[in-house]
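First to last, the protein sequences are chains A and B. Position one of the first sequence corresponds to residue 1183 (my numbering), numbered consecutively onward. Position one of the second sequence corresponds to residue 2 (my numbering), numbered consecutively onward. All residues carry an ideal CB built from backbone N, CA and C; glycine is no exception. If you're wondering where the values come from, they're calculated on a predicted model, not measured in any experiment. The structure appears below as structure tokens.
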Amino acid sequence: MLRQDSSAGSPKAANRLKNSPSPLLVMALRIGALIVFVGSWETASSLKWINPFFVSRPSDIIFRAYTWLSSGYVLSHTAITIVETFFAFVLGALLGAILAFLLYRSSIVDQALMPYLMILNAMPRIIFAPIFILWFGLGLTSKVVLGISIVIFIVFFSIYTGLKEVDQNLINKVRLMGGSEKDVLLEVLIPSALSWLFSSLKTSVGFALVGAIVGEYMGSANGLGHIIAFAEGMFDATGVFAGLFILSFVVIAINWCMERVENHFTAWRMG
Amino acid sequence: MRRLGVDILPDTHIDLEEVSVAFASKAGETLALENVSFAVQEGEFVSIVGPSGCGKSTILNVIAGLADTLSGRVSIKGKATNGIPKDIGYVFQSDLLLPWRTVFDNVALALKLRGYRTEKMGPAVEDWLTRVGLAGFRNHYPHQLSGGMRKRVALAQTLVYNPELILMDEPFSALDVQTRNMMENELLDLWSGLRKTVLFVTHDLEEAVSLSDRIILLTARPGRVKASYIIDLPRPRNVTEVRFNVRFRELIEQIWQDLKTEVTVAYAASRQ
């Protein structure tokens, strides 16, 4: 009781210092947790406590990933997945932004289309994957379309909300200073839209990747999703995990790049 | 109909004749302003005072071409206005800076919109940054500045393009008292040098008396001109010191007697 009281009464700054552990300790704990997890997986699998046929072994998975990488087998597949992600994001963001500006500018179009956009957005897009494969084939297009169908709504809703929240007086001010409609667009609306686009950047790129992977998984001859689906078809747990292992590095790399891009373009928001 | 140019003094800057404004509301149309008439001379500093919701800001918006009138006419320098007039500056209640532009680029905005080249507008922008004491902050972004500094940027942003008429809508209401008095003095200094026409909206009677040449008092909604007062305090003024002047207290008391009834009416209406 007494100890609780004294800690509650201490100043905020001191509390923060007391409660935030050293970065070294955090790093050590992280590595420790990884070693415990991977170590017990390896041990349990090697000693046959769990069936290695279903869960594989970390050492096998890493060896498989290494073999795939050194033989170059996985590189072309990874490249295809990244290309699909890139096109899905760029086209989805572009279409989403155009749609947002259209609905923002015309309230009649807004009122007419909004219910349909809400319904389409509520549908789980993944179930469209077979239809897109049917329409656009097993190649790159069907995966890009699936990615676009997800990204377009994320970008649309974030930019649309952002535009609606632009202070009308900021627009008035630009007009009062002698600005034309084009100036309002260039000085106020597009920068606002971009700032909202960048704030949803990581989510939308992430979903573009999901679209690509799911599309490949459901029907393709290429890409990381295909590698995973192929291994699964062979009952090759090691192959599935190796595919996921490589995929997770792709995700980390993309996130890192997006953070750099976001920081670069939103420098005006930083302290 | 009065013929334009006959009964208007040659140096009349703004002239409002029988201006009424209505807004669409739940109960159909609400009258915001009713038959408002007054004129502002060139170089005059006029404040509009009235209870909250009486349409003070609407008057500015009508002059700036941001709100439509129901009836009546607004003329600037003898010409009836149509849309946004040229040569007008509007300082809003919030600073409304572009958050993605630096202090320099924000101040340069109007000049850029008017098609000036960067080399040509540089000195004017630098000059205004120095005048409002922000020369050392030219590369900062708005979020890195205090409220008072942002307000000074907004002021420089408007004064840099040298508009003849400046509309100000409670520009200092969000500031703390000390910063506010500093800014009011700065505004008076700038105004006495430039002699622009200023139409200033405030709900703060002391602010209005300490700054203005004349005060126009509006009634509770719908806003009508109730009275007009000449503020015969000596200039140059210091807004903090002028408050110790006996005449200042007399003026406050006189205007407050008229304002009080309107405030009571507005307050009763807001509680219904």
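Per-residue DSSP class, three states only, for residue i
{"i": "residue 18 of chain B", "result": "strand"}
{"i": "residue 262 of chain B", "result": "helix"}
{"i": "residue 1359 of chain A", "result": "coil"}
{"i": "residue 166 of chain B", "result": "strand"}
{"i": "residue 62 of chain B", "result": "helix"}
{"i": "residue 1294 of chain A", "result": "helix"}
{"i": "residue 1487 of chain A", "result": "Look at the range of chain A in this structure, 1183 to 1453, and you will see that residue 1487 of chain A is not part of it."}
{"i": "residue 174 of chain B", "result": "coil"}
{"i": "residue 271 of chain B", "result": "helix"}
{"i": "residue 230 of chain B", "result": "strand"}
{"i": "residue 1320 of chain A", "result": "coil"}
{"i": "residue 146 of chain B", "result": "coil"}
{"i": "residue 161 of chain B", "result": "coil"}
{"i": "residue 34 of chain B", "result": "strand"}
{"i": "residue 48 of chain B", "result": "strand"}
{"i": "residue 1229 of chain A", "result": "coil"}
{"i": "residue 55 of chain B", "result": "coil"}
{"i": "residue 141 of chain B", "result": "coil"}
{"i": "residue 1433 of chain A", "result": "helix"}
{"i": "residue 1424 of chain A", "result": "helix"}
{"i": "residue 1416 of chain A", "result": "coil"}
Residues near residue i in its chain [Cβ-Cβ closer than 6 Å; skip 5 each side]
{"i": "residue 1405 of chain A", "result": "1259, 1262, 1263, 1398"}
{"i": "residue 30 of chain B", "result": "23"}
{"i": "residue 1281 of chain A", "result": "1338"}
{"i": "residue 1340 of chain A", "result": "1378, 1382"}
{"i": "residue 1277 of chain A", "result": "1334"}
{"i": "residue 1292 of chain A", "result": "1285"}
{"i": "residue 38 of chain B", "result": "17, 18, 19"}
{"i": "residue 173 of chain B", "result": "181, 184"}
{"i": "residue 228 of chain B", "result": "218, 259"}
{"i": "residue 1402 of chain A", "result": "1320, 1408"}
Span separating the alpha-carbon of residue i from that of residue j
{"i": "residue 83 of chain B", "j": "residue 1303 of chain A", "result": "44 Å"}
{"i": "residue 120 of chain B", "j": "residue 1360 of chain A", "result": "20 Å"}
{"i": "residue 1266 of chain A", "j": "residue 1391 of chain A", "result": "8 Å"}
{"i": "residue 1407 of chain A", "j": "residue 1384 of chain A", "result": "20 Å"}
{"i": "residue 1317 of chain A", "j": "residue 1250 of chain A", "result": "32 Å"}
{"i": "residue 1416 of chain A", "j": "residue 1236 of chain A", "result": "12 Å"}
{"i": "residue 1242 of chain A", "j": "residue 1211 of chain A", "result": "25 Å"}
{"i": "residue 1256 of chain A", "j": "residue 1440 of chain A", "result": "23 Å"}
{"i": "residue 199 of chain B", "j": "residue 215 of chain B", "result": "11 Å"}
{"i": "residue 1287 of chain A", "j": "residue 1207 of chain A", "result": "53 Å"}
{"i": "residue 1411 of chain A", "j": "residue 1275 of chain A", "result": "28 Å"}
{"i": "residue 1190 of chain A", "j": "residue 1202 of chain A", "result": "Because residue 1190 of chain A carries a pLDDT of 42, less than 50, the predicted location of this residue cannot be relied on, and no value is offered for it."}
{"i": "residue 7 of chain B", "j": "residue 42 of chain B", "result": "At residue 7 of chain B the pLDDT is 45, less than 50, meaning the model places this residue with poor confidence; the figure from the coordinates comes in the next sentence. So the two alpha carbons sit approximately 16 Å from each other."}
{"i": "residue 1430 of chain A", "j": "residue 1270 of chain A", "result": "19 Å"}
{"i": "residue 40 of chain B", "j": "residue 16 of chain B", "result": "4 Å"}
{"i": "residue 18 of chain B", "j": "residue 50 of chain B", "result": "19 Å"}
{"i": "residue 183 of chain B", "j": "residue 149 of chain B", "result": "9 Å"}
{"i": "residue 181 of chain B", "j": "residue 188 of chain B", "result": "10 Å"}
{"i": "residue 74 of chain B", "j": "residue 36 of chain B", "result": "10 Å"}
{"i": "residue 243 of chain B", "j": "residue 69 of chain B", "result": "38 Å"}
{"i": "residue 72 of chain B", "j": "residue 21 of chain B", "result": "5 Å"}
{"i": "residue 56 of chain B", "j": "residue 267 of chain B", "result": "12 Å"}
{"i": "residue 136 of chain B", "j": "residue 178 of chain B", "result": "24 Å"}
{"i": "residue 253 of chain B", "j": "residue 106 of chain B", "result": "41 Å"}
Same chain, Cβ closer than 8 Å to residue i, five either side skipped, listed in chain order
{"i": "residue 1307 of chain A", "result": "1328, 1331, 1332, 1393"}
{"i": "residue 101 of chain B", "result": "142"}
{"i": "residue 191 of chain B", "result": "132, 156, 160"}
{"i": "residue 186 of chain B", "result": "239, 240, 241"}
{"i": "residue 257 of chain B", "result": "206"}
{"i": "residue 260 of chain B", "result": "50, 51, 52, 206, 218"}
{"i": "residue 1508 of chain A", "result": "Given a span of 1183 to 1453 for chain A in the structure shown, any question on residue 1508 of chain A remains unanswerable."}
{"i": "residue 1389 of chain A", "result": "1329, 1332, 1333, 1336"}
Bridge partners - residue i, DSSP secondary structure assignment
{"i": "residue 26 of chain B", "result": "B/29"}
{"i": "residue 85 of chain B", "result": "The partner list for residue 85 of chain B (beta bridge, DSSP) is empty, contrary to what the question assumes."}
{"i": "residue 42 of chain B", "result": "B/13"}
{"i": "residue 1348 of chain A", "result": "According to DSSP, residue 1348 of chain A bridges with nothing at all."}
{"i": "residue 1372 of chain A", "result": "Residue 1372 of chain A is not bridged to any residue."}
Cβ neighbours of residue i in the same chain (closer than 7 Å, five flanking residues each side left out)
{"i": "residue 1400 of chain A", "result": "1311, 1312, 1315"}
{"i": "residue 1348 of chain A", "result": "1370, 1371, 1374"}
{"i": "residue 1234 of chain A", "result": "1227"}
{"i": "residue 1451 of chain A", "result": "none"}
{"i": "residue 125 of chain B", "result": "112, 161"}
heavy atom of the ligand SAM below 8 Å from residue i C-beta
{"i": "residue 1374 of chain A", "result": "Although the ligand SAM was asked about, the structure shown includes no ligands whatsoever."}
Threshold first: 3 residues or longer. Then list the beta strand (DSSP E) segments lying entirely within the segment 1233-1318 of chain A, N to C.
none
At 3 residues or longer, and completely inside the segment 65-134 of chain B: list those beta strand (DSSP E) runs for me, N to C.
72-77, 89-92
Alpha helix (DSSP H) runs contained entirely in the segment 177-262 of chain B, provided each spans 4 or more residues:
178-195, 206-212
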